[in-house]
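Have a look at the structure below, then the notes.
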Amino acid sequence: MSAAEATALAASCARCHDCGLLCRLPGPAPHGARCARCGAELHLRKPGSLERTWALVIAAALCYVPANVFPVMMVTSFGQVASDTIFSGVIYFLTHGMWPLAVVVFVASIFVPVLKLASLTFLLISVQRRSSWRPVERTRLYRVTEAIGRWSMVDIFAITILVALVRLGNLATIDAGPGAVFFGAVVVITMLAAESFDPRLIWDRIEVRKA
Amino acid sequence: MTDQGPERGGLGGVADAVVETRGRPSIVWLIPLVAALVGAFVAYRAISERGPEITITFKTAGGLEAGKTKLKYKDVEVGVVEEVRLSPDLSSVVCRARMVKGSEEYLREKSQFWVVEPRIAGGQVSGLTTLLSGAYIGVDPIREGKRSRSFIGLEEPPIVTTDESGRFFVLRSTGAGAIGVGSPVFFRRIEVGRVVSSQLDPADDFVTTRIFVQAPFDQRVHASSRFWNASGIDVSVSSSGVKIDTESLVSILIGGIAFDAPEHAGEAVAAQDTVFPLYENEEASKTRHYTKSVAYLLHFDQSVRGLAVGAPVEFRGITVGEVTEVTLEFDTKLDQFRIPVVIEIQPERFTTILDEKTRDQALDKLVASGMRAQLKSGNLLTGQLIVALDIFENAKPAQIAWGGPVPELPTIPTPLEEITANLTHLVDKLSRFPVDQLGDELNASLKELRGTLAQAERTLASANSMIGPDSDVREELARALLELGDAARSLGLAADQIESQPDSLIFGKKGSK
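So, in structure tokens, the structure goes:
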């Protein structure tokens, strides 16, 4: 992709977020401009993208700690309670020879959230430092981050299904632990953070520099 | 963030006003704030709810699992085992456990910990719930001693935990019998306690058994209560039949101790750790319930043939003690044999119980006024001897020899004359028996008897004809016997009926209504 190509920003145009109509803006800094077709407010970029993403990333990072420290699942079997954190679950699967399951849980519950938090932080810092380093790769990183985010919910889904299914009274009962709530919060907040990040910001700096 | 730039005006040369936007922090920052607050709150809760950490040392880690095994007191969870590891010298297992908050108060030196596992011991099955839930560590918090963080775990659950109220007593016996730790203690065949420990007293080779009697039965243990070994089966055969006596099946298998209520009501309740003698069986406890005995030495220089250990010591016919030892010694000074006899007198047999000093003084006075020990014939047929104490006013003055290990009471020889006098008396009576007259009378009687016999012969002949095989009497007799048999049978039925339905005596047969 050549940076010399015309952009909507340079042409003082903005594409409606909702219906996609390209509108000419009255000035370079539109305030209260609305889409000619659907009436949605027009922005050149997502408003407050960096600030919002930062806030959400920090919130997710804060929730990530209790999500890993507290048990996500408590299995009560014959009156004996066994509580598992995410990591102890992985180790349990691994030591019991179920390594494919261990890999799935590890990737979905440990690797992906960390990857998301790290890549979002990296993107935010690089945008703020007006870095022009490998914009294509960074955009690809963003796409990956956005795409894999939802798969972290696998663990939460598994727990919710087990909690609903395994209700055998004294024989066996499974309860969600406090860690599950925090883990769910991490997944949701990182998804929101990825959503609120505007990848066009990566390219803006390069356009500005070229201009 | 600012999407605004300086406003571009149409007036040339006029400087553009700088519009400064004060970036109010976006509302989105509330999210990390809330996350931080919630996280901090949860962390605070988790940290503030952490109780003290303790270590318990066990011999083996049977059933203990890190992170799973609980510590329980009265089935309430008071902690969790966090780590099970070997001690550095591999001799024991060190268990690190996290207790609940607020347990510092009862984590003191004397607190006990043991692993609760299913076990069958002492006639009872315990810990069955742990079959399903896995073993847990029982805790007996004892608020004694200093606060502590490391404990030595018990290998066996304690017999008595502090939450049981009751009292301990100490029993002393010459042998433990079949009594072991955990054996039951019975009162009127109800299990009211357990044996806590049983060990040999190093000082005097007695077996000291510590028992625990639960409240409210501990109020039944009085100063005069008697304890006996209720182990096994007591079989006694007597003229009234075979009597089998036992406390319970449990006591047959693992032994047991029983005690009874005092004879006199209103007696003081025994204090904690009172020492009681433990009798071999119930009978022994009934017959020998004197806890004190005082030994005295007697020297006899006559034959003691017939005097056995256990022979009674009587004072004017009332048993006050028994003979415990009969030996023979040669006195080199006097060049003669002497027979020392040790007797034991139970002061408790007397209604007035004196203290030692007054008793000795009284004894001195008694001896001064002529009290002597004497061998007397207890049974004329078997020739058994007893030791009799009595006051002989004309006896030679003597004193109690307090010097030796056992005080010596003066004796008085049994006058042979007394026995011979008795014999002569008997022979006298025999000689005065009118043998000649008796013979004459016997002769006359025999003659009469001959006449009577002839008459009897005649009578028998006539009787014979009456009850001969074909006589009417015999026939009638046979019929009568048959009827008697019938009557006996129906009487038997009636007796059965009454036995099974005693009320039928009054209300008649149930079925006939």
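Chains as they are written, first to last, in our numbering: chain A, 65 to 275; chain B, 898 to 1410.
Beta carbons: idealized from backbone N, C-alpha and C, even for Gly.
Every value quoted in this text rests on a predicted model; they were computed, and no experiment measured them.
Quick one: grab the DSSP three-state call for residue i.
| i | result |
| --- | --- |
| A:Gly213 | helix |
| A:Thr87 | Per the sequence shown, residue 87 of chain A should be read as Cys rather than Thr. Here A:Cys87 sits in strand by DSSP. |
| B:Thr1321 | helix |
| B:Leu1097 | strand |
| B:Gln1116 | helix |
| A:Ile132 | At residue 132 of chain A the sequence reads Asn, which differs from the Ile that was named. Of the three classes helix, strand and coil, the one that applies to A:Asn132 here is helix, per DSSP. |
| B:Val1092 | strand |
| B:Gly1267 | coil |
| A:Phe261 | coil |
| A:Met255 | helix |
| B:Arg1069 | strand |
| A:Arg194 | coil |
Among the options, which has the Cα closest to the Cα of residue i?
| i | options | result |
| --- | --- | --- |
| B:Arg995 | B:Asp986, B:Val1089, B:Ser945, B:Tyr1176 | B:Ser945 |
| B:Leu1195 | B:Gly1152, B:Trp1125, B:Leu1286, B:Phe1124 | B:Leu1286 |
| B:Phe1124 | B:Gln1096, B:Asn1178, B:Gly1077 | B:Asn1178 |
| B:Gly1267 | B:Lys1293, B:Leu1251, B:Thr1248 | B:Lys1293 |
| B:Leu1146 | B:Ala1168, B:Arg1086, B:Thr1248, B:Lys998 | B:Arg1086 |
| B:Val1078 | B:Gln1096, B:Thr957, B:Thr1071 | B:Gln1096 |
| A:Thr254 | A:Val178, A:Ala97, A:Ser195 | A:Val178 |
| A:Ala166 | A:Gly243, A:Ile270, A:Val218 | A:Val218 |
| B:Gly1275 | B:Ala1167, B:Pro1209, B:Phe1010, B:Glu1061 | B:Pro1209 |
| B:Arg1269 | B:Leu1346, B:Leu1251, B:Glu1373, B:Ala1295 | B:Ala1295 |
| A:Pro199 | A:Gly213, A:Asn234, A:Pro263 | A:Pro263 |
Taking only beta-carbon positions, decide if residue i is within less than 7 Å of chain B.
| i | result |
| --- | --- |
| A:Phe175 | no |
| A:Leu158 | no |
| A:Leu126 | yes |
| A:Pro164 | no |
| A:Phe142 | yes |
| A:Arg116 | yes |
| A:Ala119 | yes |
| A:Ala146 | yes |
| A:Ala72 | no |
| A:Ile266 | no |
| A:Gly248 | no |
Grab me the residues of residue i's own chain with a C-beta within less than 7 Å of its C-beta, minus the 5 sequence neighbours each way, in chain order.
| i | result |
| --- | --- |
| A:Ile189 | none |
| B:Val1418 | The structure shown does not extend to residue 1418 of chain B, since chain B spans only 898 to 1410, so no value can be given for it. |
| B:Val1206 | Val1220, Thr1221, Glu1222, Val1223 |
| B:Asp1393 | none |
| B:Ile1049 | Thr954 |
So, using beta-carbon positions, are residue i and residue j closer together than 7 Å?
| i | j | result |
| --- | --- | --- |
| A:Met138 | A:Val129 | no |
| A:Ala172 | A:Val250 | no |
| A:Phe246 | A:Cys77 | no |
| A:Phe257 | A:Leu184 | It is worth fixing the name first, because residue 257 of chain A is Ala in this sequence and not Phe. Closer than 7 Å, so yes. |
| B:Phe1197 | B:Ile1236 | yes |
| A:Ile238 | A:Val230 | yes |
| B:Leu1204 | B:Val1223 | yes |
| B:Ile1283 | B:Glu1219 | no |
| A:Leu114 | A:Cys87 | no |
| B:Gln1281 | B:Ile1309 | no |
| B:Glu1006 | B:Lys1043 | yes |
| B:Ala958 | B:Glu980 | no |
| B:Val1166 | B:Gln1116 | yes |
| B:Ser1008 | B:Val975 | no |
| B:Arg1040 | B:Ile951 | no |
| B:Glu1241 | B:Ser1190 | yes |
For chain A, check one thing: does any of its Cβ atoms lie closer than 7 Å to the Cβ of residue i?
| i | result |
| --- | --- |
| B:Val939 | yes |
| B:Pro929 | yes |
| B:Val925 | yes |
| B:Pro903 | Only weak support exists for where B:Pro903 lies, its pLDDT of 45 falling under 50; the value from the coordinates is given anyway. Judged by the 7 Å Cβ criterion, B:Pro903 is not in contact with chain A. |
| B:Lys1140 | no |
| B:Ser1062 | no |
| B:Ser1030 | yes |
| B:Gly1050 | no |
| B:Ala932 | yes |
Go through its chain and collect everything with a Cβ distance to residue i's Cβ below 8 Å, but skip five positions before and after it.
| i | result |
| --- | --- |
| A:Asp82 | Cys99, Cys102, Ala104 |
| A:Leu108 | Ala72, Leu73, Ala78, Leu89, Pro94 |
| B:Lys1183 | Arg1123 |
| A:Ala240 | Val136, Met137, Met138, Ile223, Thr224, Val227 |
| B:Asp1367 | none |
| B:Val1264 | Ala1295, Gln1296, Ile1297, Leu1306, Pro1307 |
Excluding five sequence neighbours on each side, which residues of the same chain lie with their C-beta closer than 6 Å to the C-beta of residue i?
| i | result |
| --- | --- |
| B:Arg982 | Val991 |
| B:Thr1171 | Phe1066 |
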